[in-house]
Every structure is written in structure tokens, then in C-alpha cells.
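Notes to accompany the following structure.
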Amino acid sequence: MATSVFVDTVRYDVVGLHDNTQTDDEQMVTFHHRADIETFVEKAIETDSSELHQLAGDPTISPFDTAALLEIISTQIENGALRVQRNASGSLGGGSGGGDGSSAPVNQELLNGISDRYSPDMKHFIASHKTNHEQFGGIKSEFLTQGKAASAAHMTALSNGVIGLANNANASIDTSNDTPLPARASSTTPTSSSTPSQTPLPPNTQQELRYKIVVEIAGHHPCAKQLIEINALSTDKSAPREQQAQQNRGVNHNRDNHRGIVEFKKLPNTSRDLAIVIPTTGYGANIRLPLNTTVAPNDNQTEKAEWDNVLVPVKPLAYVTKENQKQQADVLKPGWIYLFWRGKLWRELEVKKNQALRDVNVEYYRRNWNGDFGQEAEREAEGHWQTAVWVPYKLNGEIQSGNNAPLMMYSESQLDWPYVESLEADNAKLQEAASKLDLTAYSQDNHFKNASGDMGSIEDALLDQYFDPEEHEYQVVSEKGKDLRGYRDTLVPVVYLPVAKNKFILCVQDPAGKKLRNRKISIDLGGRNVETVTDVNGMIEISLEDDETVNGSFALFDSPAIPATHQGKISISQGVLADVSTVKGQQTRLNNLGFNAGIVDGVNGQKTKSATTGFQQENGLGVDGICGPKSQAKLKKVYKQ
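Residues in the sequence shown are numbered consecutively from 42, following this note's numbering.
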């Protein structure tokens, strides 16, 4: 048996793969994108969620959990387990089964009471689904009002409160048949449907649930793995659905190709808090990213050229030379993306080899950071993979700029948490380290083709890529941006992130590992003398000029008023760190970690093997003196590069 649903007043049959219901290839619906499937299913759920709930076949899912229902049905259609075809009859009768729904028996008195502005088929559909409003919030009671042509039986039903209130936007009610109406259903005069009713309404009536909250997502085909959540109005789990927390995913706008929307319908006129929710791959709780704003709902009839709350998906790329030219750029190598918003680290995402981005639960690690140096190495990315990062652009009509502007930075190694804290504590330092995301082109043009600075459009990103890999000692990952081909129609912006500036970072500890704070350090960089003081994490940071070497002396003072208590020589030269899969890369890392691998010459001699053995013993690896894949992975993790 096929299950019939109605989308935009057209009847469709949803048929299982092994269903013996007769199908017609000419009537079969072809969906080109997942977003198109979800748009179709969402509209079908609005018409009759009970039918699709039965089709889903999952008793653990509530028919009111539209997000879960949308995911299940859309996935089944996408993988071919369910097929969609137009019903040849085109009838609006509705209901399950392959027959003509218009033959379903209905109350003729009720049928006669439905407004003549509807076609006979539509009147039949409304009458046969008259109970949907009470059960599922489907057919509104005002659709069942004929006005002056209403029968006495229908008016009696009105007086008993079975049908509900007449909508003052549809027709005035003639009460001349001497059948008294309840006071709450007093006679009204026609008014604009967009004008809120001034009549006091009892709780939980359909008239109260005529508001919606909309979040706009820039671009086409919004990511299904990033959801928007509105908070609950009640902690009571048995509260009506409109008072519970809800999560929805974005769908393409039905008219504008440059944007998608996340829409929450049938809400009371009560402000709600917004958050982004990232599903996780493990058993842990989903990652919640509060948007730190409370939004008021709009009337259901409201439409806007640009909504007051807009998120922009941003695809990060990287400059590969210090010239910071877009022709000399590439997709990201494996590493980490950091998104700072309102002066705090808001999102941390691991960049995988295939360009997938996975979120770290930043707030979890922030709450559990206890100050132990090295603990930050345990921050793991657990969020579902995604291809672009949703960034707040406009909240409650306010563009996020100035101190609220989002900033993004890229690092091949995961940043130490103390360094993250130092960026949060020093806005000037943060502004220097990260790139500001200027997203205002979206409001001006509805696209990013004319974006300036480090911003650009994914439609033509990397197509003009041109530089000499040998000259810059760089191996191209994505020639002419071939890895972006599947995303060019998403119309999202890209941001070109600069190569991290060369810095000398030193953490000063005593023999017991205690960080030495507020200690004066004097360093002679081969003629350039720098004096500074260790921060709360015992760290100093010195920006290096191009090709500058740290080759000189240093002095540590326990107190600025006394002579140096520790001093010595220091020598560090800049250069490109070879990949960990090469012997040179292994030798460099082993030497810097305190294992003497000898001269960095690319020869796997006895010293290098001995250093590898020591590293393996200290890190619980199999000891064989050979730096194989497991040892390389551990070496890269410990060295953080």
C-alpha cells in the first residue's frame, strides 16, 4: 500500500522499495539534491505527520518530533528505500492507501458548512481531516467556517466548541438562527489576515500559535549537520510541543537561490534563545553553540528580503606564501581552525585530510581545564564532519562587527590552551593573529563575487591558482581547486587565511614543572635585544622577522631588581619543517624533544635509531628503533606539528 501525502495541494504517493503497489515511471519524482528532498518531506509532515510517522516504522520516534521524522524519511528517499510519485488522480481526498481518497465517507453537513471559496475536492479534503487540528495541529478550525451559508448543525457544532473559533480574516458569522454562540466566538467583521486579533484568547488555541522564528542561512544547500535550536519555555516534558525545545535544519528558500532558511512554525508570541547544535559521532551529548541572543517571533504571514538573524557558512582556505595573494593559495592541509567571536574562542575545528571539518566541544574543555601544562593535547574533535563553518553575521538585526566581529585563524598544530587564553586576554594580540571575517557583501549583493580583502566566493576560488611550488617549497594539495568542484554551487564565501607568522615561543618552568610567572626575560637575537616578562602561564612570545634566527643569549631574572639568576646561549634557525614521514622530519622533531638524533641529514643512522628507540620507550610504543606509521603519528602528536 502506498502512503498518500499532500505537498502544495498536489497529491503524491510514497512507495516502499518492495511495495507491490503499481508504480508509473513517468510520474516518479526525481530529486537532484538532499535539500530538495528535505523541503518536500517537511511540507508533507506539515500536512499529515501521522501518515509519515507510520511509514518511518520507528516506534521510538514521536510523530511530533519533526526533526527526527524529517531525517528518517529523507534518508530513506535518498537511498532509494522509498520512492515518490505523483498520484494520477490528483485528488485532494487524502489518507493512506492507493485508492481515491475522495471516496472516503465524510459528514455531509460538515462538508456543506465549508467555505465555497474552496474547490469541491479541497472541501472534501478539509472535511475528511477535520480532527487533524486537535491531534496534530493540521487543519485549522477556521477553514471549517462557511459564514452565512453555514448550516444549523454546523453552527451548533460551533456553539459546542467542537470546531473552534471563526477566524475574523475569513468571514463574518451570521447568528440569526438563534443558536447562541459562546462569548469567545462573538461576531466579527472581516479584517486583514496579517492583523493580530484583539479578542482575548484562551491558552493553547490555534490563534495563539500563529507565530514563527526564522534564521537565514546564506548560500544554497545549507549543511544538514548543523542545526538551529530554540530553547524550551517549560521544563515539563509533557508540555505542548510549542513550549518544548525544538531543533530544525536549514532548507533552500522556496524562491531565492542565494539563501536557505531554518523555520520554526506554530509558536506562541514568546521570545526564544537561539543556539547552533552540532551532532557528535560518539555517545556524548551534542555540541551546543549558544548564539547569545534572544529573538522575538514574527507573525506567520511575515516575509523579509533578509531576516534579522543570519548565519553565513564560510569555507576556509589558506595562503601558501607570505605574499598573501589569492593566486598563491590552496585548500587547507590537516590542522585546526579557530573561530573567535566576541573576544572568546567559540569554535575549534579539526581539518581532516579530506577537508572535512569536525568540531571540538570547546566549552567542555574550557570547564575542565585545570591548568596542567600539556593537558590541552587531549582536546578531541567529536562533531560530525561538515564542509563550511556557520558564522554569526547578523543577530536581532545587528551586524556582528567591531568588537563583536568573528575572527578566524588556522594552525597546522593544535594550539595550547594557555595560548588560547592569552589571545582571549589580549585583543590586540588576537587581532594580529587572526583574520577578521567581513561578511557585509551578503547584504549588499546577496553573493560574495565582489568580496574584498581576504574574502572571496567559492564559485571561482583557486581557479586562478598560480605559483612555483619548488620556489616556495610547497606541495599543492588541490590543483586549481579541483576539490571544490562539488561545492561551487553552494554560493558560500571563502576566507583566505595567512600563513602563521614566525614566532619564538618559550615556556619557562622550574625543575618541578611549575610555571614561572611574571619573570623578566632578556634575549639577544643576534644583535636585536628583546626584554619581556613571562605571562600567567610562564610564557613569552616574540615575533620574528623574515629569515631571522634566534642566535644569541638569554637571561632570566627572578626579580627585576636583582641580577640574572639563570643565563645561557640559545640558537634556533628558521626553516621549513620537513614532513614527519621523512627522516629529516623525524630527526628534527626528535632533537627538539630532547632525543639526540644527531645532525639533521636525512640519514637513518645509529643515532637516529637510538633516538627513535628512546622516544618509543617513553611513549609506550613497540620498541624496534624504526619510526613507522604509529611512531610517526605519535611523534607528530607529541610535537604538535
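Note that CB positions come from ideal geometry on N, CA and C, so glycine has one too. None of these values were measured; they are calculated from a predicted model.
Discussion item. In the DSSP assignment, the beta strand (DSSP E) including F305 goes from what residue to what residue?
Written reply: 300-308
Practice prompt. Tell me whether S563 sits in a helix, a strand or coil according to DSSP, three-state version.
Written response: strand
Item to complete: Below 6 Å CB to CB, which residues in the same chain sit around N365 once its five sequence neighbours on both sides are set aside?
Response: P539
Fill in: G92, buried or exposed, once every other Cβ within 10 Å from all chains shown has been counted against 16
A small fix is needed here, since residue 92 is Glu in this sequence, not Gly. By the 10 Å Cβ count, E92 comes out buried.
Worksheet entry | Extent of the continuous alpha helix (DSSP H) to which G626 belongs | 624-633
Worksheet item: Based on Cα-Cα distance, which residue from G579, R52, N444, Q288 lies nearest to I562?
Response: G579
Practice prompt. Determine the extent of the alpha helix (DSSP H) in which Y528 is found, giving its start and end residues.
Written response: Element bounds for Y528: n/a, residue is neither H nor E.
Worksheet entry | Those residues which DSSP pairs with C548 across a bridge | M580
Practice prompt. Pull up the CB-CB distance for E87 and L111, whole angstroms please, since I reckon it's below 8 Å.
Written response: With 8 Å as the limit, E87 and L111 do not qualify as a contact, their Cβ atoms being about 11 Å apart.
Worksheet entry | Option in A97, G643, L352, K393 with minimal Cα separation from R290 | L352
Worksheet item: How about the stretch 268-277 and the stretch 309-328: do they share at least three Cβ pairs that are nearer than 8 Å?
Response: yes
Practice prompt. Please name the residue or residues paired with Y252 in a DSSP beta bridge.
Written response: L308, D340
Fill in: Three-state class that DSSP yields for D297 in the structure shown
coil
Discussion item. Rounded to whole angstroms, what is the Cα-Cα separation between Y379 and P354?
Written reply: 15 Å
Worksheet item: Which word fits N637, buried or exposed, when buried means at least 16 other C-beta atoms lie within 10 angstroms of its C-beta?
Response: exposed
Worksheet entry | A482: first and last residue of the uninterrupted beta strand (DSSP E) it sits in | Unbroken run through A482 is the alpha helix (DSSP H), 482-486; no beta strand (DSSP E).
Worksheet item: Rounded to the nearest angstrom, how far is the Cβ of L373 from that of V430, given a contact under 8 Å?
Response: So it is not a contact: roughly 12 Å between Cβ atoms.
Fill in: I86, DSSP secondary structure in three states
helix
Discussion item. Whether or not the stretch 637-651 and the stretch 669-681 are in contact is what I'm after, with contact meaning three or more pairs of Cβ atoms, one per stretch, closer than 8 Å; do they touch?
Written reply: no
Worksheet item: For D65, does the count of other Cβ atoms within 10 angstroms reach 16, so buried, or fall short, so exposed?
Response: exposed
Practice prompt. Drop a sphere of 10 angstroms on the beta-carbon of Y507, count the other beta-carbons inside from all chains shown, and report buried for 16 or more, exposed for fewer.
Written response: exposed
Discussion item. By DSSP's criteria, Q126 is part of a beta bridge. Which residues make up the other side?
Written reply: D54, M69
Discussion item. In whole angstroms, give me the CA-to-CA distance for S45 and Q287.
Written reply: 27 Å
Item to complete: Please work out which residues of its chain come closer than 6 Å, Cβ to Cβ, to G260, disregarding the five sequence neighbours upstream and downstream, and give them in chain order.
Response: P354, T531, L532, V533
Fill in: Distance, G301 Cα to S463 Cα
37 Å
Practice prompt. Throw me the rounded Cβ distance for the D400 and R388 pair, which I believe falls under 8 Å.
Written response: 6 Å
Item to complete: Give every residue of the same chain whose Cβ lies closer than 7 Å to the Cβ of P433, excluding the five residues on either side of it in the sequence, and list them in chain order.
Response: L332, L352, W382, Q441, P447
Item to complete: Please determine, among D495, A422, Q368, the residue with the shortest C-alpha to C-alpha distance to A326.
Response: A422
Discussion item. Let me check understanding here. Comparing Cα to Cα, which of F489, T481, Q455, M449 lies closest to L471?
Written reply: M449
Worksheet item: For A475, which of K385, V392, Q369 has the nearest alpha-carbon?
Response: K385
Worksheet item: What residue from Q455, V461, E473, L478 has the CA that sits closest to N445's CA?
Response: L478
Practice prompt. Using the DSSP secondary-structure output, state which residues sit across from G7 in a beta bridge.
Written response: Residue 7 falls outside the range modelled here, since the chain spans only 42 to 682, and no answer is possible.
Worksheet item: Is the distance from the Cβ of R526 to the Cβ of E500 below 8 Å?
Response: no
Practice prompt. Use the C-beta contact count for H94: other C-beta atoms within 10 angstroms, 16 or more gives buried, fewer gives exposed.
Written response: buried
Worksheet item: Tell me, which residues are paired with P331 by DSSP?
Response: A316
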